[in-house]
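**Student:**
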Amino acid sequence: MDEEARIEGSVTPVDTTSVATFLHVLVNTGVANITTSFLWFALTFWVYLETHSVLATGVIGGAYMLLVAASGMFFGTLVDRFRKHAVMVASGLGTLVCFSLAGVVYLALSEDALLDLGAPWFWIFAVIVLVGAVVEQLRNIALSTTVTLLVPAERRANANGLVGTVQGLAFLVTSVFSGLAIGFLGMGGTIIIAIGLIAAVLVHLLVLRIREPEIVASGEHMSLIDIRGSIAAVRAAHPLMWLIVFTAFNNLIGGVYMALMDPYGLTLFSVEMWGLVLGITSTGFIIGGALVAKFGLGRNPLRTMLLLVAATGLLGAVFTLREWWWLFAVGIWIFMALMPAVEAAEQTVIQRVVPYETQGRVFGFAMMFEAAASPITAFIIAPIAQFWIIPYAKTAAGRGTWDWLLGQGDARGMAMVFVVAGIVTILLGLGALGTRTYRRLSARYVELAEADAATA
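Quick note, our numbering runs 7 ahead of the 1-based positions in the sequence shown.
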């Protein structure tokens, strides 16, 4: 069977060379993700420990997510316009240049000068690291398209599960080692480690070869931010826009967890213990991804995704009903275990219903919406919780009204927000199962899967 037919999704015998190449790309991207997250988390820890400025850490985190969202469509266009290997090399080179420049700035200035938030040098330093971390996101879009390129159609859900496992491992390593690096080596030593790892990843990538089809120009001009082409690609796979909007709305609710998870955890645990809890519970992400890699997502990944979204809502509604550390920790672990399947389902559907030539723009379009959603809610819910819900829950009226449900403790206001967010998520997941658009997209996916199987 020729290369084009294989890419389009036909069921084919496993090409061991292609699968081996995919595993190399996956591990390479995983190490790159670990490295950029490692330095980015370390920067946040370092700034907070040295300045105790919640504002600075908040601006850094929010700016990162918004830059990821803003660059999504641009990155997607690059992935479609150029060969995936070239895009990955350019991403690695850009990150290496940024991290090296950050190292030069760090060496050129004293820490006191660099940590003066009123001076420009801190913000210049933070932006350089931020840009290096955001540029690395280009590789993640390219990785999603290489699943289509290198993995047979019937195994793509499993491959996406492997991606989830690697992401979980990245979160585990980052959670544990960023704090240790800052504590024992300081910011300078941490930057040196990041530069060394990115350089090693780039060298490995340069000797790696990926078999790719020739990119044929359509004859139409494609801008670097191809908004029209991205929207056309999504509309061509109608009703794919429904899936992107659903995921973005789910991420809006996820912004509640972004805003309140750490404050709630730090209410129950010391800083050191909370970091350990995050590291341990992230093993759920690894195990969940491994289960998807082993068993796949079933005949209809979209249905699996919606049921699991409802399940995460149920978890979100109950894991803070009492101020018990074990309930919270177990809830986080189960939540982490479910998330790889949710994310893999979206990837698998896009890889099936969108032509390979336009997948980069579709993944970039989805990244733009989904990455922007969580910080928007986080920015909104944090002040509402801080100035209204949490104080209300501490009043006699609040305790008298809600003690039967939320129990007693210091974080009952945050628990109330979690319960509401969980209920909304349950309604979102189960309600989507009854929509006409869900049925149409599911039928489209199943139809393509059966057609691919019939042509094997």
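Each residue gets a CB set at the ideal place from its N, CA and C atoms; glycine is no exception.
#1: With three or more beta-carbon pairs closer than 8 Å as the criterion, would you say the stretch 405 to 418 touches the stretch 81 to 91?
#2: Could you spell out the range, first to last residue, of the alpha helix (DSSP H) harbouring W128?
#3: Please state if the CB of V96 and the CB of L212 are separated by a distance shorter than 8 Å.
#4: With the cut-off set at 8 Å, would you say V111 and F132 are in Cβ contact?
#5: Are the stretch 346 to 356 and the stretch 300 to 307 in contact at 8 Å, needing three or more beta carbon pairs?
#6: If distances are taken between C-alpha atoms only, which option among A39, V424 and T58 comes closest to V142?
#7: At what residue ranges does the stretch 325 to 406 contain a whole run of the alpha helix (DSSP H), taking only runs of 4 or more?
#8: Mapping the DSSP letters down to three states, classify I217 as helix, strand or coil.
#9: Using only the alpha-carbon positions, how far apart do F292 and V170 sit?
#10: Cα separation between L345 and S289?
#11: Do V426 and A324 come within 8 Å of each other at the CB atom, strictly closer than that value?
#12: Put A418 into one of helix, strand or coil per three-state DSSP.
#13: From which residue to which residue does the alpha helix (DSSP H) around E161 run?
#14: Taking all protein chains shown into account, do 16 or more other C-beta atoms lie within 10 angstroms of the C-beta of M343, making it buried, or fewer, making it exposed?
#15: Straight-line CA distance for V21 to A160?
#16: Can you look up R446 in the DSSP assignment and give me helix, strand or coil?
#17: Closer than 6 Å by C-beta to R419: which residues in its own chain qualify, once you throw out the five before and the five after it? Chain order, please.
#18: If you check the beta carbons only, do V2 and Q144 fall under 8 Å apart?
#19: From G226 to T365, what does the alpha carbon distance come to, in whole angstroms?
#20: When burial is assigned at 16 or more other CB atoms within 10 Å of the CB, is F191 buried or exposed?
#21: Secondary structure at E457, three-state DSSP: helix, strand or coil?
#22: With a threshold of 16 other CB atoms inside 10 Å of the CB of S17, please say whether the residue is buried or exposed.
#23: So, for F99: in the same chain, excluding its five sequence neighbours on each side, which residues have a beta-carbon less than 7 Å away from its beta-carbon?
#24: Report the rounded CA-to-CA distance for A297 versus E454, giving the unit in angstroms.
**Tutor:** Answer, in terms of the structure:
#1: Too few Cβ pairs lie closer than 8 Å, so no.
#2: For the purposes of this step, residue 128 is taken as the residue at position 121 of the sequence shown. It spans P127 to L157 - the alpha helix (DSSP H) in which W128 sits, taken as one unbroken run.
#3: Locating residue 212 in the sequence shown gives position 205, counting from the first residue. Locating residue 96 in the sequence shown gives position 89, counting from the first residue. With contacts defined by Cβ atoms closer than 8 Å, L212 and V96 form a contacting pair.
#4: Mapped onto the sequence shown, residue 111 falls at position 104. Mapped onto the sequence shown, residue 132 falls at position 125. Not closer than 8 Å, so no.
#5: Contact holds: three or more Cβ-Cβ distances are below 8 Å.
#6: The count along the sequence shown starts at 1 and reaches residue 142 at position 135. Looking from the CA of V142, the closest CA among A39, V424 and T58 belongs to A39.
#7: Listed in chain order, the complete alpha helix (DSSP H) runs (minimum 4 residues) inside the stretch 325 to 406 are 332 to 360, 366 to 391 and 397 to 401.
#8: Taking the first residue of the sequence shown as position 1, residue 217 is located at position 210. Taken through DSSP and simplified to helix, strand or coil, I217 comes out as coil.
#9: On the sequence shown, position 285 is the one that residue 292 refers to. On the sequence shown, position 163 is the one that residue 170 refers to. If you take the alpha carbons of F292 and V170, they lie about 10 Å apart.
#10: Numbered from 1 along the sequence shown, position 338 holds the residue referred to as residue 345. Numbered from 1 along the sequence shown, position 282 holds the residue referred to as residue 289. Whole-angstrom Cα-Cα distance: 11 Å.
#11: Translated into the one-based positions of the sequence shown, residue 324 becomes position 317. Translated into the one-based positions of the sequence shown, residue 426 becomes position 419. One thing to note: A324 has its Cβ within 8 Å of the Cβ of V426.
#12: Residue 418 sits at position 411 when you count from the first residue of the sequence shown. Correct three-state label for A418: coil.
#13: Along the sequence shown, one-based indexing puts residue 161 at 154. In the DSSP assignment, E161 falls outside any alpha helix (DSSP H) and carries neither an H nor an E.
#14: Taking the sequence shown and counting its residues from 1, one reaches residue 343 at position 336. Buried, because 16 or more other Cβ atoms sit within 10 Å of the Cβ of M343.
#15: If you number the sequence shown from 1, residue 21 lands on position 14. If you number the sequence shown from 1, residue 160 lands on position 153. In this prediction, V21 scores a pLDDT of 47, lower than 50, which makes its location untrustworthy; the coordinate-derived value is nonetheless stated afterwards. If you take the alpha carbons of V21 and A160, they lie about 10 Å apart.
#16: Your numbering for residue 446 matches position 439 in the sequence shown. Here R446 sits in helix by DSSP.
#17: To locate residue 419, count along the sequence shown from 1; it is residue 412. Closer than 6 Å at the Cβ level, and outside the excluded window around R419, lie A400 and L413.
#18: Here the chain covers residues 8 to 463 and nothing more, so residue 2 does not appear.
#19: If you number the sequence shown from 1, residue 226 lands on position 219. If you number the sequence shown from 1, residue 365 lands on position 358. Note on G226: pLDDT 49, under 50, position unreliable in the model; no value is reported.
#20: In the sequence shown, the residue the question calls residue 191 occupies position 184. Residue burial is scored here from C-beta neighbours: F191 has fewer than 16 other C-beta atoms within 10 angstroms and is therefore classed as exposed.
#21: Taking the first residue of the sequence shown as position 1, residue 457 is located at position 450. Reduced to three states, the DSSP call for E457 is helix.
#22: Counting from one through the sequence shown, the residue named residue 17 turns up at place 10. Note that S17 scores 40 on pLDDT, short of 50, meaning its location in the model is unreliable; the coordinates nonetheless yield the value given after this. Looking at its Cβ environment, which holds 16 or more other Cβ atoms inside 10 Å, S17 is buried.
#23: Walking along the sequence shown from the start, residue 99 turns up at place 92. It is worth fixing the name first, because residue 99 is Gly in this sequence and not Phe. A39, I205, V208, L209 and L212.
#24: If you number the sequence shown from 1, residue 297 lands on position 290. If you number the sequence shown from 1, residue 454 lands on position 447. Between the C-alpha atoms of A297 and E454 there is a straight-line separation of about 27 Å.
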